[in-house]
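Residues -24 to -1, 1 to 266 (mature numbering (1 follows the signal peptide of the UniProt record, and there is no 0)) are what the sequence shown spells out, left to right. Below: the structure, in structure tokens.
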Amino acid sequence: MKSQEKAFFTFLLFLLVCLVKVKSDVLTVHVGDDAVLHCSHSIEHFALLTWKVNFLNQSSCFMSTSNLGTQANCSSRMQLVIDKNQTSLRINNSMVLDDGNYTCEIAKRSGTFDYMITLQILAKPFVSIKIDGNGYPECRAIGGKPAAKISWTPESYKVKTWNNAEQNGTTTVISSYNTSNGPEVTCIVSHPTLANPLERRLSSLALSSGANNVTLILGVIIVLVLLLGLILVWRRANLRTCLGVKKDRPATRENPVVVMEEVEPYASFTVKVNTIYNSTYDLAEYKGAQ
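Spelled out as structure tokens, the structure:
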């Protein structure tokens, strides 16, 4: 008896799981495409129809309609569509931030029916490969959603890969192949938006030129540092020479000060008057003698 009850409850649990799967769905759309979410329940004789949206960034919005009118606080890119006995939600020019769970809720006299659709937005990454500042190959998968996967051939244990989360919800994957010696290397990028893995190659010539560029840059930096050091030494030597010359040179004599003896103006005038008077007296005396 217990085994029959256990089998019965197992069967009910299986039916419940099946029912839950039927009442949900997943829709995948590429960035920029229009997404149309169809509600599986009939809206015949509905009293209230509501689309509830819970975005992955924890925000939410809703759109509802009834005999009393329509209410909504979602983006203007979202449109509630009613066609005969079916309803759908249309999203124009889908964006990464549209990711989330969309629930269609239909209220009737016979009850309330829910249907949830998980919307997944895919973004194709932009792939590039170059020589980084250290002379190593660097591969980037920019702006992908979900994050892209990067691998290299030939394989190497000297590979460093990290992810950078972007503000728009995408991810940039950067992978550095830390060796510049050997044959050409190939970066392989895999992503759900790519039918086949994308490959980017760097030839051995590009690798050697990248290493040569790094060596050249280091050489230029060393030469500049040496020149700067020589200039500083030369200026310091000149400064010491100038200081030595100044110490050996005798002190210059100051301009002599001419001391002028002050003479009273009246005394000078008196002397001049007396001189004239004496000269007149001598002349008169000379004429008298004649």
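C-beta: ideal position from N, C-alpha, C; glycine also. On a predicted model such as this, the values are computed, not experimentally measured, just so you know.
With 16 as the cutoff for other CB atoms within 10 Å, does E175 come out buried or exposed?
It is exposed - the Cβ of E175 has fewer than 16 other Cβ atoms within 10 Å.
Suppose you measure from the CA of L200 to the CA of N140; what does that come to, to the nearest Å? Going by the C-alpha atoms only, they are around 36 angstroms apart.
Exercise. Is the number of C-beta pairs between the segment 47 to 55 and the segment 66 to 82 that are closer than 8 angstroms three or more?
Worked result: With contact defined as three or more Cβ pairs closer than 8 angstroms, the segment 47 to 55 and the segment 66 to 82 are in contact.
If I measure Cβ to Cβ from S152 and keep anything under 6 angstroms in the same chain, skipping five residues before and after, which residues do I get?
Counting only Cβ-Cβ distances below 6 angstroms, and skipping sequence neighbours, we find Y112, E114 and K136.
Notebook entry, point to check: Whose CA, out of L25, T63, S179 and I93, lies closest to the CA of E81?
Noted result: Cα-wise, what sits closest to E81 is L25.
Requested in this report: Could you check what DSSP says for L73 in three-state terms: helix, strand or coil?
Outcome: The answer is helix: DSSP assigns L73 an H, G or I state.
query = So I58 and L3 are in contact, right, with Cβ under 8 angstroms, and what is the actual spacing, rounded?
reply = Actually they are not in contact, since the Cβ atoms of I58 and L3 sit about 19 angstroms apart, beyond 8 angstroms.
Q | Same chain only: Cβ atoms within 7 angstroms of N61, ignoring 5 sequence neighbours per side | A | Taking N61 as the centre and dropping the five residues before and after it, the same chain places the C-beta of S18, I19 and E20 closer than 7 angstroms to its C-beta, in chain order.
TODO: Measure the CB-CB distance between L95 and T169 and report whether it falls below 8 angstroms.
DONE: The beta carbons of L95 and T169 sit no closer together than 8 angstroms.
* To do: Over the uninterrupted beta strand (DSSP E) stretch that includes E175, give me the two end residues.
  => Run containing E175: L174 to L178, per the beta strand (DSSP E) assignment.
Reducing DSSP to helix, strand and coil, say where I197 ends up. The answer is helix: DSSP assigns I197 an H, G or I state.
Open item on the list: Within 10 Å of its beta-carbon, does L178 have 16 or more other beta-carbons around it, so buried, or fewer, so exposed?
Closed with: Flag for L178 reads buried.
* To do: Please say whether V103 and A117 have beta carbons closer to each other than 8 angstroms?
  => Cβ atoms of A117 and V103: closer than 8 angstroms.
**Q.** H14 versus F89: straight-line alpha-carbon distance, rounded
**A.** Between H14 and F89, the C-alpha separation is close to 14 angstroms.
**Asked** Which residues in the same chain have their Cβ closer than 8 angstroms to the Cβ of I105, if we skip the five residues on either side of it in sequence?
**Response** Within the same chain, Cβ atoms closer than 8 angstroms to the Cβ of I105 are found at P113, E114, C115, R116, C163, R176, R177 and L178, the five residues on either side in sequence being excluded.
ask   = Who are P113's beta bridge partners in DSSP?
value = Per DSSP, I107.
>> According to DSSP, simplified to helix, strand and coil, what is R85?
In response: Note: R85 maps to coil in three-state DSSP.
Q. From what residue to what residue does the beta strand (DSSP E) around Q55 run?
A. Annotation: the continuous beta strand (DSSP E) that includes Q55 extends over M54 to D59.
Y91 classed as buried or exposed, judged by whether at least 16 other C-beta atoms fall within 10 angstroms: So Y91 counts as buried.
- Task: Tell me whether V209 is buried or exposed, calling it buried when 16 or more other Cβ atoms sit within 10 Å of its Cβ.
- Result: Exposed, since its Cβ has fewer than 16 Cβ neighbours within 10 Å.
*If S42 sits next to A23, beta carbons under 8 angstroms apart, how far is it from one beta carbon to the other, in whole angstroms?*
Right, their Cβ atoms sit about 6 angstroms apart.
How would you write the range of the beta strand (DSSP E) that H6 sits in, first residue to last?
It spans S(-1) to H6 - the beta strand (DSSP E) in which H6 sits, taken as one unbroken run.
Query raised in the report: Between which two residues does the beta strand (DSSP E) carrying N139 extend?
Result: V135 to A141 is the span of the beta strand (DSSP E), which, as asked, contains N139.
Check your understanding: Per DSSP, what kind of secondary structure is R162 in: helix, strand or coil?
Key -> Here the sequence assigns Thr to residue 162, which means Arg is not the residue at that position. Strand at T162.
Check your understanding: Can you round the beta-carbon distance between P101 and H6 to whole angstroms, since I take them to be within the 8 angstroms contact cut?
Key -> Under the criterion of beta carbons closer than 8 angstroms, P101 and H6 do not qualify as touching, at roughly 12 angstroms.
Neighbour-count burial assignment, residue 277, 16 or more Cβ in a 10 Å radius
Outside the shown range of the chain (-24 to 266) lies residue 277, about which nothing can therefore be said.
L203 - DSSP class collapsed to helix/strand/coil:
DSSP places L203 within a helical segment (H, G or I) once states are collapsed to three.
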